[in-house]
Amino acid sequence: MPKRIITSIQAIGHRVIDSIWRLGRAARFFALVLLKSTTSFLRFSLVIREIYFVGVLSLIIILVSGLFVGMVLGLQGYETLQKYGSESAVGTLVALSLVRELGPVMAALLFASRAGSAITAEIGLMKATEQLSAMAMMAVDPVARVVAPRFWAGVISMPLLAALFSVLGVFGGYLVAVVFIGVDEGSFWSSMQNAVDFRYDIVNGVIKSCFFGVTVTAIAVFEGFDAPPTAEGVSGATTRTVVTSALAILGLDFVLTSFMFRGVD
Amino acid sequence: MSAPLIEIKDLAFSYNTRPILRSVNMTMPRGKVIAIMGGSGSGKTTLLRLIGGEIKPTAGYVKVADQVVHKLSRNDLFKLRRKMGMLFQFGALFTDLSVFDNVAFQIREHTNLPESMIRDLVLMKLHAVGLRGAYHLMPAELSGGMARRVALARSIALDPMLIMYDEPFTGLDPISLSVIGSLIRRLTDALGMTSIVVTHDVQESLKIVDYVYFLADGVIAAHGTPQEVKDSVTPFVHQFVHGEEDGPVPFHYPADAYQEDLKLENHFA
Amino acid sequence: MQRTIIDFWVGLFVIAGIGALLILGLKVGNLTSYNTGESYTLTGNFENIGGLKIKAPVKSAGVVVGRVTDIQFSLETYDALVTMAINAHYRFPKDTFASILTSGLLGEQYIGLSPGGDEEMLAEGDKIMKTNSAMVLEEMIGRFLFDKAAED
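Residue numbers (my numbering), protein chains in the order written: chain C, 1 to 265; chain F, 266 to 534; chain G, 535 to 686.
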């Protein structure tokens, strides 16, 4: 028995040491990516190309999800608010939940599973098929040429995607509340505009999505670059990207929210 | 003949305390095709990575064009690499770029040539490997042999002085195999390069190379011209060249006595 | 050729994204009611501000004319000193009445200004003398019960 306890303690210790070591490597890699970002900005066409793959190709899922999330919010919000006779506040409810929380968070989660996993798989496969080694042997730095443009494309795309998600969500809420149910259009918009503050709600939401963009793409490029160069290695890294990103987004969201929205003062 | 292009002295490399190369000495003159042969896991690919500066040796050095590779700064190493080409085992073409863009990659990265001149250069390189007509294809549309020819065109794009081939013959049909073989020979002669071919395909490589090194247990076990190798009576070389199952390289991985391992005595005792 | 298609879509994406941010600011948020330029500050002492918060609107006749910028506890008068920024377009007489009101039963609280008839206008830094505190629900209920009891 004691031997078994010792081995399980060892297993825990091994895992902890392993993850700290990985975290250190990830941090070092992140610094390396930032250091080697000059190429990305000198040859911005590289970044534009990646924005296409990372941002434009994520548009459909972001827009459709945003619309439905907004519609559900409108429906549920109306259900609850009409009990208190304040169904005109449904605009406030939809807009605030989207702009502050659901827009940045949901868009980042979708982004992680759509674009993040694609980035990891692509870089991992390039590593597995020796494309990265080939590039290095051609005296082209793979971090500067392959990783950094993808990183910046993600960082640029994320806030735009989150904003589009929120706008489509507000539109979805409008569709349900005003067009289908018949809440007064004027009070829908004015209650929203009274409650949503530009500095406090919208700018903070955008700041959140910037943080999420950096986090998700940093995780995605690291997992791809760090993946064992085999088929299983790449598929495992892809899964890890989605799981780690989701946890990081939600955890980071709590931290950011507690910094940004601690009552009005 | 001028100084050798590559000089390797007492080179050793260990991976996690497991020695892969113990003490390797080689000299490679310019303008020749040199083969490095050895069984799987004998450290051939490691040797190429050491020459390319991808990894650092634990002892000894590799000198390319009078420069000690592992002592170069990052910039100097990259400068040196512009004069080297490497053909990876399965070509390692960039899957998101067309054949044309793959060959143009290095030219675009390292020079500021106008697009019309890049086009001419790329088509010339593709013509040299017989694939000028395939410039618009994507790597996924190529057969294994074609992919390797494109990769060959890509590695000669900047007219390097040295090309390293990592197992160029693996998984090819006999026709593609001899096409690649003769391309290696022809390009080496035409461009005045030096070629290092790492392979275990004895028959094909003996046809095209000038000199052969045998690598076993982390040291050079034998070396000589193809003719010397064929006639060699050294047991190891003989076994390798003629592909015999058992010999100095044993069929069995070192193990305990067979009977003991199966615990046979328990049943019959 | 493929390059131009990519450029087109990326351009469209960026324009749409920035457009979305603008819509958020203008249509969803209150960017339009931000008057970065002209405004003047007024102060007022309230016995009880209830749930009034910074950035709460200041309205007159239902129109937003400014915002609460600061709420302090005053040690001289032992009540709340509320500072508000009023849009420079709107001028109010000296004897304007400021009260803390609630929009709807459970809605947010705001300051309502009811202009008086004075000839002189309030200027930068002036103090509104006539104020009315927030209705605090507990007090109201208490008063109601007390009155009921007195009636019986």
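Using N, Cα and C, we set each Cβ at its ideal position, and we do this for glycine too.
Check the DSSP bridge columns for residue i and list the partner residues they point to.
i              : result
Q332 (chain F) : F:V329
D604 (chain G) : G:T617
I273 (chain F) : F:M291 and F:V327
D431 (chain F) : F:V463
R283 (chain F) : F:Y280
P627 (chain G) : G:M655
G578 (chain G) : G:V616 and G:I662
P591 (chain G) : G:R601
Q354 (chain F) : According to DSSP, which records beta bridges pairwise, Q354 (chain F) is partnered with nothing at all.
A481 (chain F) : F:V484
Y400 (chain F) : In the DSSP output, where bridge partners are listed per residue, Y400 (chain F) has none listed.
To the nearest angstrom, report how far apart residue i and residue j are at their CA atoms.
i              : j              : result
F259 (chain C) : S209 (chain C) : 15 Å
Q82 (chain C)  : F165 (chain C) : 26 Å
F212 (chain C) : L252 (chain C) : 8 Å
Y430 (chain F) : H488 (chain F) : 19 Å
S65 (chain C)  : F222 (chain C) : 27 Å
L448 (chain F) : E509 (chain F) : 29 Å
G659 (chain G) : G646 (chain G) : 18 Å
V548 (chain G) : E432 (chain F) : 46 Å
T38 (chain C)  : K344 (chain F) : 19 Å
M411 (chain F) : L442 (chain F) : 11 Å
Quick one: does residue i have its CB under 7 Å from some CB of chain C?
i              : result
E374 (chain F) : yes
A554 (chain G) : yes
F278 (chain F) : no
G303 (chain F) : no
Q332 (chain F) : no
G559 (chain G) : yes
A369 (chain F) : no
A357 (chain F) : yes
M535 (chain G) : Since pLDDT at M535 (chain G) reaches only 45, below the 50 mark, its modelled position is unreliable, and no value is offered.
F343 (chain F) : yes
S594 (chain G) : no
R537 (chain F) : For chain F, the structure presents residues 266 to 534; residue 537 (chain F) sits outside this window and is missing.
D547 (chain G) : Position check: residue 547 (chain G) holds Phe in this sequence, whereas Asp was assumed. So yes, F547 (chain G) belongs to the interface.
Are residue i and residue j close, meaning C-beta to C-beta below 7 Å?
i              : j              : result
T120 (chain C) : A237 (chain C) : yes
I634 (chain G) : G578 (chain G) : no
A416 (chain F) : L352 (chain F) : yes
F198 (chain C) : G563 (chain G) : yes
V206 (chain C) : G124 (chain C) : no
A107 (chain C) : I62 (chain C)  : yes
M425 (chain F) : G350 (chain F) : Contrary to the premise, residue 425 (chain F) reads as Pro rather than Met in this sequence. The answer is yes: Cβ separation under 7 Å.
K390 (chain F) : V364 (chain F) : no
R347 (chain F) : A139 (chain C) : yes
S40 (chain C)  : P159 (chain C) : no
V176 (chain C) : G74 (chain C)  : yes
S113 (chain C) : V214 (chain C) : no
V598 (chain G) : I588 (chain G) : no
Interface residues of chain G around residue i at Cβ under 7 Å?
i              : result
R49 (chain C)  : I540
I207 (chain C) : Under the 7 Å cutoff, chain G gives no residues; its nearest Cβ is about 12 Å from I207 (chain C).
A95 (chain C)  : V562
S187 (chain C) : Within 7 Å Cβ-Cβ: nothing; S187 (chain C) doesn't reach chain G, min ~11 Å.
Y52 (chain C)  : I540, W543 and V544
Determine, using beta carbons only, whether residue i comes closer than 7 Å to chain F.
i              : result
T129 (chain C) : yes
V140 (chain C) : yes
Mind pulling the chain G residues with CB within less than 8 Å of residue i?
i             : result
Y78 (chain C) : Chain G residues near Y78 (chain C): none, gap ~16 Å exceeds 8 Å.
Q82 (chain C) : Chain G residues near Q82 (chain C): none, gap ~14 Å exceeds 8 Å.
Determine whether the Cβ of residue i lies closer than 7 Å to any Cβ atom of chain G.
i              : result
V264 (chain C) : With a pLDDT of 48 at V264 (chain C), under the threshold of 50, the modelled position of this residue cannot be trusted, and the question is left open.
S245 (chain C) : no
I202 (chain C) : yes
M260 (chain C) : no
M192 (chain C) : yes
G268 (chain C) : There is no way to answer for residue 268 (chain C), as the model of chain C reaches only from 1 to 265.
V143 (chain C) : no
G213 (chain C) : no
Could you tell me if the beta carbon of residue i falls within a distance shorter than 6 Å of some heavy atom in the ligand COA?
i              : result
M137 (chain C) : Absent from the structure shown: the ligand COA. Ligands present: none.
Show which residues of chain C have a CB atom less than 9 Å away from the CB atom of residue i.
i              : result
M351 (chain F) : S133, A134, M137 and M138
F580 (chain G) : Simply none; closest approach about 17 Å.
F607 (chain G) : Ordered by position in chain C, no residue passes the 9 Å Cβ test against F607 (chain G), which lies about 13 Å from the chain.
Report the neighbours of residue i on chain C: residues whose CB is nearer than 7 Å to its CB, in chain order.
i              : result
A550 (chain G) : L164
G317 (chain F) : M137
F626 (chain G) : Those within 7 Å of F626 (chain G) in chain C number zero; the least Cβ separation is about 21 Å.
Give the interface partners of residue i over in chain G, defined as CB-CB distance under 9 Å, in chain order.
i              : result
G172 (chain C) : By Cβ distance, chain G contributes nothing, its closest Cβ being about 13 Å from G172 (chain C), past 9 Å.
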